[in-house]
Amino acid sequence: MQMLLSRIGLYSERPVRLIKVLLPALVAGLLCACTQTSLNRDAVSFSLSEEAEDTSRVDGLKVRFDGMPGPDAVMRILVVNGMATDAHGYSFEVQREIANRLGEATCASDMVIDLDPPAFIAGRQDGDRFDLPPATLRVTDWADGEGEEPRIIFYELLWTPYADAFTDQFLAPFETDLRYGANPEWTYCGGEPDRPSAKERRVEGRDRPPRALLNALLKDDVMVAGLTDAVLSVGPLGAAARDAIRQSVCIMAADALEVPPRPLDAPRCKLSDETLARFGGVANVAAHLDQHEFTFLTYSLGSFMLLDSLDEFRLWPGDLGPPELTCRLIPALLDDTPVYMFSNQVSLLLTAHPHLGCDPDGSCDLYGEFGGRRLLLTDPRDRGRVGDKAGVCRAGSRLQIVAFNDPNDIMGYRVPDYLTDSPMIGRVVNVRVRNPAFWLPGLLANPVAAHSNHGNNPAILDFIIKGWMGEPGS
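Throughout, our numbering is defined as the position within the sequence shown, counted from one, plus 185.
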């Protein structure tokens, strides 16, 4: 072949040597982890509620952190996990990056708190063989040096133990001999721990049906360990996960107020009348909370779970303490509070909403006809507790949603504009990003990396820390 090409003038040693050098580089380039370092104007779109100002400016955490009054103020960030997450530490590297960029680079303390299950699922179902594990909250303090008081505290929630227990008992035994929800031990001031091997998770006596390797991986890791979390979230079990989120918000508020979040005589977090007496009334409690900054960071399915959980404070104000206290504290905790979403399934799971309807012209009326009902889901407990009836807080807060989605993420969706019709949402900012992922241009980008590599994307981290100074209408 070389002789033939030489005779027709298409062969020489130099181009061949060049090709031998460039070909591996070309292949590596096609399969490289391409990282997005900046965002253009077309990648960011805004949807505003009627009450919101017509602006495209988004303040970053740096502005909020520097604007906190006094040295005792703390930025508190609740992190909510998504599907297929079975261990703490999933947000640790993102925490470190955010803390470093805000000048608080030292992990000062770290602890995990068990959250008590809500009363309506506290009983045992077939108690001889089913036990309900607790959701857990990992609280990590970040300071600017050893011995310094923390200025940033992350509350990393893990609500999936509920789902893992149900999956392991009622779904997985019929399909696999693997046990799910092994809950590896967390590491103090460290990243996500190692997963137990499949050998360690095998359950003696269970069938292990013969399956092709790739099919087994897809069913075990994608369907059984992953998408069942989404299914459970829109059913009765979702109420347990939402309860864990509300307890986490309560603990954040109790920490900010420097009151015991879990008194011995009341293991569930709930602010008390003693709290009101200590601060001299509801107004002073709210004023104290206003000195702190609250932020939410959600992964995947956690975005949907968080929004519905926060709305339950409005419909069930007794969750946090005396109802009149909760209704006054909601604005201090949630008004103008940013919610950063690393991928989300809000639109996907809204398809399970029995009341959602769109007109032929595409306009969707989520709240006009149904008034003050809940944000995303319906719940049998809500009957008779909607609209302006007694026991429901009037809206007094406006969350600021910033949703990052990679078009190559097959599990991520744009947050619908009509969510701004909600009495709790002031603005939705959809940001189109490209996460680091192995890719073949025009053919394939690794969908798992596109879904999960938000924390490794400098453009996203810049947006969170520095904000967005786009032009109006961008």
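The C-beta atom is built at its ideal place from N, Cα and C for all residues, glycine as well.
Residue i in three-state terms, based on DSSP
i    : result
G652 : strand
Q530 : coil
G611 : strand
T511 : helix
N285 : helix
D521 : coil
M437 : helix
T413 : helix
A634 : helix
A425 : helix
L535 : helix
I430 : helix
S582 : coil
N642 : coil
A228 : helix
V297 : strand
V616 : strand
L505 : coil
L628 : coil
L456 : coil
V600 : coil
T291 : strand
V587 : strand
D647 : helix
F498 : helix
Own chain, CB closer than 6 Å to residue i, minus 5 neighbours either side, in chain order
i    : result
G503 : none
N631 : A622, F623
R513 : V467, A471
A410 : A269, Y365
W344 : A320, A426, A429
S232 : D602, T605, V613
A517 : A471, L474, D475
S230 : N615
D329 : G288, E289
V407 : none
V434 : none
Same chain, Cβ closer than 8 Å to residue i, five either side skipped, listed in chain order
i    : result
L461 : V467, V470, P507, L510
T522 : F479, T480, F481, S582, L584, Q585
G597 : S485, S528, N529, Q530, N590, D591, A635, H636
G611 : L233, S234, E236, A237, D521, R583, L584, Q585, T605
G640 : S276, E278, V279, E282, F527, L646
R599 : S532, A588, N590, N615
T318 : Per the sequence shown, the amino acid found at residue 318 is Pro instead of Thr. Same-chain partners within the cutoff: P346, Y347, D349, A350, G366, N368.
Chain D contact for residue i (CB, 8 Å cutoff)
i    : result
P318 : The structure shown has no chain D; it contains just one protein chain.
Cβ separation of residue i and residue j, assumed to be a contact under 8 Å, to the nearest whole Å
i    : j    : result
I430 : C454 : About 12 Å; that fails the 8 Å criterion.
A383 : G366 : Incorrect: roughly 14 Å between the Cβ atoms, too far for contact.
W371 : G267 : The pair is not a contact, with the Cβ atoms about 18 Å apart (cut-off 8 Å).
L486 : Q530 : 6 Å
R281 : W653 : R281 to W653, Cβ: 23 Å. No contact.
Same chain only: Cβ atoms within 7 Å of residue i, ignoring 5 sequence neighbours per side
i    : result
R391 : P358, D362
D651 : Checking the sequence shown, residue 651 turns out to be Lys, not Asp. Excluding positions up to five away in sequence, the list reads G245, K247.
A415 : M268, L486, Q530, L534
G332 : none
I595 : P632
S457 : G506
**Study point:** Uninterrupted beta strand (DSSP E) stretches inside the stretch 318–404 (no shorter than 3 residues)
**Key:** Counting whole runs of 3 or more residues, the stretch 318–404 contains the beta strand (DSSP E) stretches 320–328, 337–343.
- prompt: If you pair each beta-carbon of the stretch 237–257 with each one of the stretch 317–324, do three or more pairs fall below 8 Å?
  reply: Fewer than three pairs of CB atoms, one per stretch, sit closer than 8 Å, so the stretch 237–257 makes no contact with the stretch 317–324.
Q) Where in the stretch 458–495 do unbroken runs of the alpha helix (DSSP H), each at least 4 residues long, occur, reported from the N-terminal end onward? A) Complete alpha helix (DSSP H) runs here, min 4: 458–464, 467–474.
Exercise. In chain order, which beta strand (DSSP E) runs of at least 3 residues are fully inside the stretch 237–273?
Worked result: Every beta strand (DSSP E) stretch that sits fully inside the stretch 237–273 and reaches 3 residues is listed by chain position as 242–244, 260–265.
Stretch pair the stretch 523–539 + the stretch 477–486: three plus CB contacts closer than 8 Å = Of all C-beta pairs linking the stretch 523–539 to the stretch 477–486, three or more are shorter than 8 Å, placing the two stretches in contact.
Say whether the stretch 639–654 touches the stretch 220–231, bearing in mind that this needs 3 or more beta-carbon pairs closer than 8 Å, one atom from each stretch.
Flag = yes, the stretch 639–654 and the stretch 220–231 touch.
With contact counted as at least three CB pairs below 8 Å, one residue from each stretch, are the stretch 253–264 and the stretch 293–302 in contact? In short, these stretches do not touch, since the Cβ pair count stays below three.
Practice item. Check whether the stretch 586–598 touches the stretch 609–619, taking contact to mean three or more Cβ pairs, one atom from each stretch, closer than 8 Å. Key: Touching, yes, given that three or more Cβ pairs across the two stretches are closer than 8 Å.
* Is the stretch 377–393 touching the stretch 328–342, taking contact as three or more C-beta pairs under 8 Å? -> Under the Cβ criterion (8 Å, minimum of three pairs), the stretch 377–393 does not count as touching the stretch 328–342.
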